[in-house]
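Position in the sequence shown (first residue = 1) + 848 = the numbering used here. Ideal placement from N, C-alpha and C gives every residue a C-beta, glycine not left out. Remember, predicted model here, so these are calculated numbers, not experimental data.
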Amino acid sequence: MSVRSRSRAVAVCLALAFGGWFTGFAATLGVELHTLALGYDAAAILQIGSSVAFNVVGAAGLALTYLIVRRNGFDLEFALSFLRIRKPTVWDLAWIVFGLVGAFVVLTSYHAFIELVDPFGTGGEGETHSSIEENREYPVLFLVAIPIAIFLTGPGEELLYRGVIQSRLGESFPTAVAVVVASFVFAIVHLPVYMGDDFGAVLVSLGTVGMLGLYFGVLYELSNSLFVPALIHGLYNATVYLSNYLTYA
């Protein structure tokens, strides 16, 4: 594979990743302005509208747009094959159950290592996701976020970052490289929601996202099904929200 084709693959994937974020942000801003203009200032309504906008329009919308542009029209057979979407099997359900447990094992190990080594002088502490920090003031919003995580966030982000970006990189790079690069991109685009005064803590949190992305990417390759990382991603986020609800309610 030539350097030119590999450079093009990376450029396309970066454009998709950051394009998805900016598209989602613009859609989210539009939804929030419209709901406020209509007089619906309830936090739950804003969260639902914003999540739909960011994940459906930003992540999933851009992913599907790429597939349409690439084939000069929507080619269902190509899309299903490229994204590795197929009918779930019993083995996929096993992947999901053990994969969800594995996600917490991986992150627990990562944080234990960071706390032990403390490379950024933060005592192993990272920044809190901005939405979680906001929801702690209104814990019921964590309950609102649970179905959103399962049905929108997990599928939307995995469709873009694993289904499109990792698969596209895999056409030009060895699988291992594609998984690592896609995970790095996945972490970088989360920078805005982890921004804080302590840059070391920001790096710890981005490392957390990167480890999750790496884990989801490996599961995607091993299971050969987008359904697996999408559901594990959603269930992982939902579990975090439920834990926060039980803590702060």
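Ignoring anything shorter than 4 residues, give me the alpha helix (DSSP H) runs that lie fully in the stretch 881-967, in order along the chain. 891-900, 909-918, 924-931, 938-965
Taking only the alpha-carbon atoms, compute the straight-line gap between S898 and I994 and give it to the nearest angstrom. 14 Å
Do you know whose CA, among H1038, T1056, V1033, lies nearest A1119's CA? Outside the displayed range of the chain (849 to 1097) lies residue 1119, so it cannot be described from this structure.
For F1021, which three-state DSSP category applies? coil
Reduced DSSP category for V1041 - H, G, I as helix; E, B as strand; rest coil: helix
How many angstroms separate the CA atom of S1020 from the CA atom of Y1009? 16 Å
Would you be able to state if there are at least three C-beta pairs under 8 Å between the stretch 1042-1056 and the stretch 960-975? yes
How about the stretch 946-964 and the stretch 1077-1092: do they share at least three Cβ pairs that are nearer than 8 Å? yes
Look at the Cβ atom of G1061, then the Cβ atom of A1024, and state whether they are nearer than 7 Å. no
Rounded C-alpha distance that separates G947 from V1076: In this model, G947 and V1076 are separated by some 8 Å (Cα to Cα).
What's the gap between the Cα of A857 and the Cα of L1017? 6 Å
For G969, does the three-state DSSP call read helix, strand or coil? Looking at G969 - three-state DSSP - the assignment turns out to be coil, as it is neither helix nor strand.
F1047 - containing alpha helix (DSSP H), residue span: 1047-1071
Starting from L989, trace the alpha helix (DSSP H) both ways and give me its first and last residue. 988-996
Compare the C-alpha of L915 against each of L877, E1005, A927 and name the closest. A927
Can you round the beta-carbon distance between L1067 and I1080 to whole angstroms, since I take them to be within the 8 Å contact cut? 7 Å
With a cut-off of 7 Å, does the C-beta of D1046 fall near any C-beta of chain C? Of the protein chains in this structure there is only one, and it is not chain C.
H977 in three-state terms, based on DSSP: coil
Expressed to the nearest angstrom, what Euclidean distance is found between the alpha-carbon atoms of R984 and N1072? Roughly 37 Å between the two C-alpha positions.
For T956, count neighbouring Cβ atoms within 10 angstroms of its own Cβ and tell me buried if that reaches 16, exposed if not. exposed
What are the start and end residues of the alpha helix (DSSP H) that includes G1082? 1075-1096
What are the start and end residues of the alpha helix (DSSP H) that includes G1011? From DSSP, G1011 is part of no alpha helix (DSSP H); its letter is neither H nor E.
If A875 sits next to L1007, beta carbons under 8 Å apart, how far is it from one beta carbon to the other, in whole angstroms? That belief does not hold up - the Cβ atoms of A875 and L1007 are roughly 16 Å apart, past 8 Å.
How long is the line joining the alpha carbons of G872 and T976, rounded to whole angstroms? Looking at the two C-alpha atoms, the distance is approximately 21 Å.
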